[in-house]
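One structure is given below, encoded as structure tokens.
Residue numbers (this note's numbering): 4 to 368.
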């Protein structure tokens with residue numbers, strides 16, 4: 004039997020992982036399922052006095068003290084609806100969010116505020132303010148909520164493209180009404196593709212073992228420098244240590260469009276991609292950290308019309324060298340529907356260019 008190349012072995016392992024994942028994953032209540040029970044009443048303990056040389060010197064404690072005031076609890080009221088059996092009563096949902104500007108702009112998940120007739124935002128100091136939905140993008144599961152305020156504590160945003168597997172992270176949120184709950188972990192993997200429900204595909208997700216619980220959705224994932232690098236989004240209910248966050252670069256880009264237009268129309272290339280491993284890159288003559296491996300081409304998309312195939316390596320879009328799937332997505336989304344872009348591809352050791360016309364991303368529920 005002929006020996007397979009490292010790239011072929013990588014592709015086979017990847018496809019096996021995708022198939023296995025699709026058969027076994029069940030998504031938990033952090034995604035879309037609303038908790039209608041009232042939040043538990045928690046008696047706050049008296050403030051603890053740090054012991055010299057212990058908690059006071061813990062960088063996690065310092066980060067939480069600085070970041071905590073920017074994390075908010077979001078309560079939504081969903082109106083009742085008519086059914087065959089009569090009108091259902093209104094229901095409440097719980098989620099989290101993070102203030103990203105002193106004038107009260109808040110990032111959260113789209114599914115946290117979907118269908119809501121009323122939004123209430125509880126600040127870390129206990130004050131509750133009415134929230135106004137600026138816009139939401141179900142395809143990226145990002146929403147922007149606005150509260151009226153001045154000089155509110157805003158969280159600094161980091162660069163999610165600089166994340167590395169194994170890097171420590173902190174998840175902050177308000178699961179089930181427990182204010183400012185903190186969990187720690189590491190970045191377990193990058194550029195994950197998750198399908199939480201039919202018609203919704205979340206790409207380039209950050210996987211972490213920091214616990215993301217029901218109600219934590221929309222809260223920040225924070226790096227060791229106290230910067231937001233992700234928006235906590237969902238968990239795998241049947242497994243421990245499998246949480247996912249939207250990269251903050253993606254969230255920020257979507258939020259800017261929502262603030263400007265109230266909705267999003269996204270350019271769409273139509274490929275699924277993963278980063279080329281360093282050992283495989285050497286086998287095909289590429290520099291480490293350059294290029295993404297095309298795993299899927301969406302029928303009828305710009306990539307399909309341009310002749311891209313699974314197995315191609317995408318090296319460049321116009322003059323931008325592509326280094327990972329998140330960067331590819333961000334580069335494409337900077338363009339408008341109908342823009343022409345030139346792709347540099349490598350196929351079976353040969354490089355060539357193809358020009359495609361970007362289409363419109365399909366709508367998500």
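Even glycine gets a Cβ: it sits at the ideal position worked out from N, Cα and C.
Just so it is clear, the structure is predicted and the values come from calculations on it, not from any experiment.
Item to complete: Can you have a look at residue 328 and say buried or exposed, based on whether 16 or more other CB atoms are within 10 angstroms of its CB?
Response: Along the chain shown, one-based indexing puts residue 328 at 325. Buried, by the Cβ-count rule.
Worksheet item: By Cβ distance, which residues of its chain are closer than 6 Å to residue 350, with the 5 residues on each side in sequence left out?
Response: Counted from its first residue, the chain shown places residue 350 at position 347. The answer, listed in chain order, is 315.
Item to complete: Measure the alpha-carbon distance for residue 72 versus residue 127 and round it to whole angstroms.
Response: Here residue 72 is taken as the residue at index 69 of the chain shown, counted from 1. Here residue 127 is taken as the residue at index 124 of the chain shown, counted from 1. Going by the C-alpha atoms only, they are around 5 Å apart.
Practice prompt. State buried or exposed for residue 150, treating a residue as buried only when at least 16 other CB atoms are found within 10 Å of its CB.
Written response: Indexing the chain shown from 1 puts residue 150 at position 147. The residue in question, residue 150, is buried, as its Cβ has 16 or more Cβ neighbours within 10 Å.
Discussion item. Can you give me the C-alpha to C-alpha distance between residue 257 and residue 147, rounded to a whole angstrom?
Written reply: Stepping through the chain shown from its first residue, residue 257 is reached at position 254. Stepping through the chain shown from its first residue, residue 147 is reached at position 144. The alpha-carbon atoms of residue 257 and residue 147 are separated by roughly 9 Å.
Worksheet item: When we look at the beta-carbon of residue 54 and count the other beta-carbons within 10 Å, is it buried (16 or more) or exposed?
Response: For the purposes of this step, residue 54 is identified with residue 51 of the chain shown, where counting begins at 1. Legend: pLDDT at residue 54 = 43, less than 50; position of this residue unreliable, value from coordinates given subsequently. It counts as exposed.
Worksheet item: Can the beta-carbon of residue 173 be found closer than 8 Å to that of residue 213?
Response: Looking up residue 173 in the chain shown gives position 170. Looking up residue 213 in the chain shown gives position 210. Yes, they are a contact pair.
Fill in: residue 111 burial status per 10 Å Cβ neighbour count (16 or more: buried)
By 1-based counting over the chain shown, the position of residue 111 is 108. It counts as buried.
Item to complete: Kindly indicate which three-state DSSP category residue 142 falls into: helix, strand or coil?
Response: For this step, residue 142 is matched to residue 139 along the chain shown. Assigned with DSSP and collapsed to three states, residue 142 falls in coil, not helix or strand.
Worksheet item: Does the separation of the CB atoms of residue 77 and residue 100 fall below 8 Å?
Response: Indexing the chain shown from 1 puts residue 77 at position 74. Indexing the chain shown from 1 puts residue 100 at position 97. Closer than 8 Å, so yes.
Worksheet item: On the three-pair Cβ rule with 8 Å, is the stretch 273-288 touching the stretch 296-312?
Response: yes
Worksheet item: Okay, do the stretch 183-200 and the stretch 118-126 touch, 3+ Cβ pairs below 8 Å being the bar?
Response: no
Worksheet item: Between the beta-carbon of residue 272 and the beta-carbon of residue 306, is there less than 8 Å?
Response: Reading the chain shown from its first residue, position 269 is the one you call residue 272. Reading the chain shown from its first residue, position 303 is the one you call residue 306. Yes, they are a contact pair.
Worksheet item: Taking DSSP as the reference, what is the three-state secondary structure of residue 206?
Response: Translated into the one-based positions of the chain shown, residue 206 becomes position 203. The answer is strand: DSSP assigns residue 206 an E or B state.
Practice prompt. Note down the Cα distance separating residue 90 from residue 145, rounded to an integer number of angstroms.
Written response: Taking the chain shown and counting its residues from 1, the one referred to as residue 90 is at position 87. Taking the chain shown and counting its residues from 1, the one referred to as residue 145 is at position 142. Each residue's alpha carbon lies about 30 Å from the other.
Worksheet entry | For residue 67, the three-state DSSP class (helix, strand or coil) | Taking the chain shown and counting its residues from 1, one reaches residue 67 at position 64. DSSP places residue 67 in helix when its eight states are reduced to three.
Worksheet item: With C-beta atoms as the reference, is residue 224 less than 8 Å away from residue 239?
Response: For the purposes of this step, residue 224 is taken as residue 221 along the chain shown, with counting starting at 1. For the purposes of this step, residue 239 is taken as residue 236 along the chain shown, with counting starting at 1. No, they are not a contact pair.
Worksheet item: What does residue 226 pair with, by DSSP beta-bridge criteria?
Response: Walking along the chain shown from the start, residue 226 turns up at place 223. By DSSP's assignment, residue 226 forms a beta bridge with 172.
Worksheet item: Helix, strand or coil: how does DSSP classify residue 188 here?
Response: Position 185 of the chain shown, counted from the first residue, corresponds to residue 188. The answer is strand: DSSP assigns residue 188 an E or B state.
Worksheet item: Counting along the chain, where does the beta strand (DSSP E) carrying residue 78 start and finish?
Response: One-based indexing of the chain shown puts residue 78 at position 75. It spans 74-81 - the beta strand (DSSP E) in which residue 78 sits, taken as one unbroken run.
Worksheet item: Who are the near neighbours of residue 221 in its chain, counting only those whose CB is closer than 6 Å to its CB and skipping five residues on each side?
Response: Here residue 221 refers to the residue found at position 218 of the chain shown. Excluding positions up to five away in sequence, the list reads 98, 99, 100, 111, 112 and 115.
Discussion item. Taking its Cβ as the centre, do 16 or more other Cβ atoms sit within 10 Å of residue 47, making it buried, or is it exposed?
Written reply: Position 44 of the chain shown, counting from 1, holds the residue named residue 47. At residue 47 the pLDDT is 44, less than 50, meaning the model places this residue with poor confidence and gives no usable figure here.
Worksheet item: On the premise that residue 207 lies in contact with residue 226, defined as a C-beta separation below 8 Å, what is that separation, rounded to the nearest angstrom?
Response: Numbered from 1 along the chain shown, position 223 holds the residue referred to as residue 226. Numbered from 1 along the chain shown, position 204 holds the residue referred to as residue 207. Wrong, their Cβ atoms sit about 17 Å apart, outside the cutoff.
Worksheet item: Under a Cβ-count criterion, where at least 16 other Cβ atoms within 10 Å of its own Cβ denotes burial, should residue 79 be classed as buried or exposed?
Response: Here residue 79 is taken as the residue at index 76 of the chain shown, counted from 1. Buried is the call here.
Worksheet item: alpha helix (DSSP H) containing residue 329: first to last residue?
Response: By 1-based counting over the chain shown, the position of residue 329 is 326. Unbroken alpha helix (DSSP H) run through residue 329: 328-336.
Fill in: Pick from 285, 358 and 265 that is closest to residue 310, judged by C-alpha positions
Mapped onto the chain shown, residue 310 falls at position 307. Per the Cα distances, 358.
Item to complete: Output the distance between the C-alpha atoms of residue 217 and residue 237, rounded to the nearest integer angstrom.
Response: Stepping through the chain shown from its first residue, residue 217 is reached at position 214. Stepping through the chain shown from its first residue, residue 237 is reached at position 234. Linking residue 217 to residue 237 through their CA atoms gives a straight-line distance of about 8 Å.
Fill in: Cβ pair residue 211, residue 143 closer than 8 Å
One-based indexing of the chain shown puts residue 211 at position 208. One-based indexing of the chain shown puts residue 143 at position 140. For residue 211 and residue 143, no; Cβs fall outside 8 Å.
Item to complete: Please report how far the alpha carbon of residue 40 lies from the alpha carbon of residue 133, in whole angstroms.
Response: Counting from one through the chain shown, the residue named residue 40 turns up at place 37. Counting from one through the chain shown, the residue named residue 133 turns up at place 130. Note that residue 40 scores a pLDDT of 38, beneath 50, so its modelled location is shaky; the value from the coordinates is reported in the next line. If you take the alpha carbons of residue 40 and residue 133, they lie about 21 Å apart.
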